[in-house]
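Asks:
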Amino acid sequence: MECAVEATLGRIEGVTQFTRMVARVTLTVPESAATALYERALAKAEHGCLVGNSLRCPRELQIELVREPAVQLQAQAV
-8 MECAVEATLG
2 RIEGVTQFTR
12 MVARVTLTVP
22 ESAATALYER
32 ALAKAEHGCL
42 VGNSLRCPRE
52 LQIELVREPA
62 VQLQAQAV
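Just so we're aligned: 28 in the numbering used here is position 37 of the sequence shown, and the numbers increase by one with no gaps anywhere.
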């Protein structure tokens, strides 16, 4: 799994604060995997994030699932 976050700062009522946050998650899954399950798990993790929930700005989660044959995934784990 790879994750990158891009946040935008702005001044609102004279105070500098985050105005937008985009989290981009790339997850490698088995070729035969049900992608909806992985997407739901990532969305639940984002929804329950303490750091993200403490921000007052809009948040966006972008998910990319990369399918790989199970043989390649097992070789990477070793």
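All C-beta atoms in this analysis are idealised placements derived from N, C-alpha and C, irrespective of residue type, glycine included. Bear in mind the structure is a predicted one, so any value in this text is a computation, not a measurement.
Please check the pair isoleucine 54 and leucine 33, which I expect to be a contact at CB under 8 Å, by giving their CB distance rounded to whole angstroms.
Replies: Indeed, because the Cβ distance is near 5 Å, the residues count as touching under 8 Å.
Asks: Here's the rule: buried if 16 or more other CB atoms are within 10 angstroms of the residue's CB, otherwise exposed. What is alanine -5?
Replies: The residue in question, alanine -5, is exposed, as its Cβ has fewer than 16 Cβ neighbours within 10 Å.
Asks: Any idea which residues DSSP pairs glutamate -7 with across the strands?
Replies: Thr17, per the DSSP bridge assignment.
Asks: By how many angstroms is the C-alpha of arginine 58 removed from the C-alpha of threonine 17?
Replies: Each residue's Cα considered, the two are about 11 Å apart.
Asks: Based on the DSSP output, what are the partners of leucine 56 in its beta bridges?
Replies: Answer by DSSP bridge pairing, in chain order: Leu18.
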